[in-house]
Amino acid sequence: SIYQDLSPHVISSSMPAPANAAEALTVGAISWSRYTTGPIEEYSSRGPTNDGRRKPDLVAPDNVSTGVTPYYSPFQGTSAAAPHVAGVAALLLSQDPSLDLNSLRARLLSYCVSMGDPNTYGAGRLELRYAPSVPALVAEAGGPYSGTVGAPITFDGRGSTGDIVEYRWDFGDGATGSGAVVQHAYSAPGTYTVRLTVRDRYGHTDSDTTTATVQPAPTPQGRLTTDKSAYAPGETVRIAFANVGPVTITLPNTAPWTIRDAHGRIVYTPTAAMVLTPVAPGASKSWSWNQRDNSGNQVPPGTYTVELRTSDAGIFTASFTIRAPAKPDLVIESLSYQPPAPGIGDTITFYVKVRNVGGARAGRFYVRVRDGAGYQQASLSGLNPGQSYTVTLRLRLTRSPETFTAFVDYYDRVDELDETNNTESITVTAAVAPLDVEVSLDKAAYTVGEEVTIAVDLNRGAYVYLVELDPLGRAIMVFPNASHPSPTLSGGRSIVRAEASEPVGNESLYAFAADSAIPLFPTPTGPGFPVLSTAGSDFLARVRAWLRDNLPDASWDEDRVDFEVRGPVANERPVAHFTYTPTAPSEGD
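In the working numbering, each residue carries its 1-based index in the sequence shown increased by 1279.
Printed below as a string of structure tokens:
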């Protein structure tokens, strides 16, 4: 061997090229005189190859004669052993010409008798007269197997039998592997068919199938809690995170939590070591917070949330409240009055129900009710937490509508939890009487050209229209007019003046009053009194129909007054009349 002749002297892994090639059938040498016992010739190279493969493949005899007489020198070395193997190969091919390279190799190796170390003797010495005994080859894939997505499953084929030199796995998802024991992780759930194929040193193969059932990866489950739902100012808040699921949850550091206020702003972040912190199933981690913000100040009362972030299970939150110190809190629970429909000038009784919704007793305080004209108030000596009391106060209704406002703790004597909830208002509207109009004249008869004085009496303000029905049956608008173009009149008596005009005869004056304008009447545009209709009675009927269809009965009224218009008196010759006193004068008087 070249390797053995070099210094330093190397025995193992001394196989040179091309003998170390995987496709080469490598032959070692044993002297023919010691062929059944060995040892191997010193110059015969040893395995394994530098990449770990077993070599040589088998051994054959050397030190044989190349002639038929003993006078020829013996032929030494693997150069003598190899031709013996080639001769056997030729015999086997002549017996079965269909053998391919792998089958021929397997057939040669099947005639070997084991001699020991495979890296010295390979499969053993070649003896063609030996009847081969090939162990039965049976693949055993094991299983069935089960696992979860992403987790390696171990496949074991060591139950296979035979002189196996190769294990090949097909995992059913497009991936393959080799070896008696292998691991493989699946990326999707399902049931996969797994095939194991084994090959022995003689080139024989066998296969077996099994199944691998893959379940979805379990979901991490955690729970974040605080030891209480509400705390007094300065009280320690204890925080705990528990892993209640089947898989480990990883925290990105030793304290991956923050405190947020009710507006979502971070008020505190703890100092933490940047070390991945696993929380095993059933385990928990705990921390505490002293209610100080990042500047070291006590946070104000309110609602807060602890937020914990994990590396593989998302974000967890838990909310709690920091209570304000116990204080009273006075509110007006209800505000009502009697009578329900007062009139202007009536006295209204107000009932103010006050309650202390805080956590401490309220001392003496005042309750006041006021309107735009004045107020009344009363005092209470105190009110315990949760207690209520109804205060009765009285004020007159001077206008309608009027807003009355009730105040509790009017003088701010009580230090309350909330100082902005101490008032309540209510609007009172006086009862509305049905509209009533009356029209009257200063005389029953007028001469043409004489002034007519018309009095309109209303129980409250309204829209008023005066219509004259003259002797010709015409409807003439008397009011509103150019002197007073607005139809609105205030409650009480209003005076309208006109002049009596022809035609002469009996006439009627109609007054219509309503809570809204009557669209059948025009807006005055000039002097005089316009004729509304030559069919006056029909016009008046249309006015009444509109009022009935558009207004409640209490929102309109009608009145009428009759009078006469006479012609002017004809001129006559003047007659003088005189008297004297004394009636019996004396001479000289």
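Cβ coordinates follow ideal geometry from the N, Cα and C atoms, glycine included.
Being a predicted model, the structure only gives us computed values, none of them experimental.
In the three-state reduction of the DSSP assignment, residue 1381 falls in the helix class, which pools H, G and I. Just measuring C-alpha positions, the residue of 1382, 1546 and 1537 sitting nearest residue 1566 is 1537. Here the C-alpha atom of residue 1437 lies approximately 44 Å from the C-alpha atom of residue 1564. In this chain, residue 1724 is not harboured by any alpha helix (DSSP H); it is covered by the beta strand (DSSP E) spanning 1724–1726. Here the alpha carbons of residue 1294 and residue 1307 stand approximately 10 Å from one another. In the structure shown, the three-state DSSP call for residue 1500 is coil. For residue 1356, the closest alpha carbon among the candidates 1340, 1364 and 1676 is that of 1340.
With contacts defined by Cβ atoms closer than 7 Å, residue 1731 and residue 1758 do not form a contacting pair. Cβ atoms of residue 1738 and residue 1808 stay farther apart than 8 Å, at about 27 Å. A direct Cα-Cα distance of roughly 27 Å separates residue 1633 from residue 1678.
Along the length of the stretch 1302–1380, whole beta strand (DSSP E) runs at least 3 residues long occupy 1306–1310 and 1337–1341, reported in chain order.
Three or more beta-carbon pairs separated by less than 8 Å link the stretch 1831–1843 to the stretch 1712–1726, which places the two stretches in contact. Scanning 1588, 1372, 1835 and 1570 for the CA closest to the CA of residue 1582 turns up 1570. The three-state secondary structure of residue 1557, taken from DSSP, is strand. Of 1785, 1681 and 1530, the smallest CA-CA separation from residue 1726 is found for 1785. The Cβ neighbour count for residue 1325, taken over all protein chains shown within 10 Å, is at least 16; the residue is labelled buried. The alpha-carbon separation between residue 1383 and residue 1371 amounts to approximately 8 Å. A contact is defined here as three or more CB-CB pairs under 8 Å, and the stretch 1358–1377 meets this definition with respect to the stretch 1396–1407. Excluding five sequence positions before and after residue 1442, the CB atoms of its chain that fall closer than 6 Å to its own CB belong to 1414, 1479 and 1480, given in chain order. Under the DSSP assignment, residue 1399 falls in the alpha helix (DSSP H) whose first and last residues are 1397–1400.
By the Cβ criterion, the stretch 1641–1654 is in contact with the stretch 1676–1693, since at least three pairs of Cβ atoms, one from each stretch, lie closer than 8 Å. Contact holds between the stretch 1515–1535 and the stretch 1543–1554, because three or more Cβ pairs, one in each stretch, are under 8 Å apart. Straight through space, the alpha carbons of residue 1780 and residue 1803 are spaced by roughly 19 Å.
For residue 1817, the secondary structure class from DSSP, reduced to helix, strand or coil, is helix. Comparing alpha carbon positions, the residue from 1510, 1736, 1702 and 1681 closest to residue 1622 is 1681.
Looking at the DSSP output, residue 1792 shares a beta bridge with 1743 and 1836.
Under the three-state reduction of DSSP output, residue 1597 falls in the strand class. Three or more Cβ pairs closer than 8 Å define a contact, and the stretch 1377–1391 falls short of that threshold against the stretch 1459–1477. In this structure, the CA atom of residue 1744 is about 20 Å from the CA atom of residue 1712. Taking C-beta atoms as the reference points, residue 1391 and residue 1304 fail to come closer than 7 Å.
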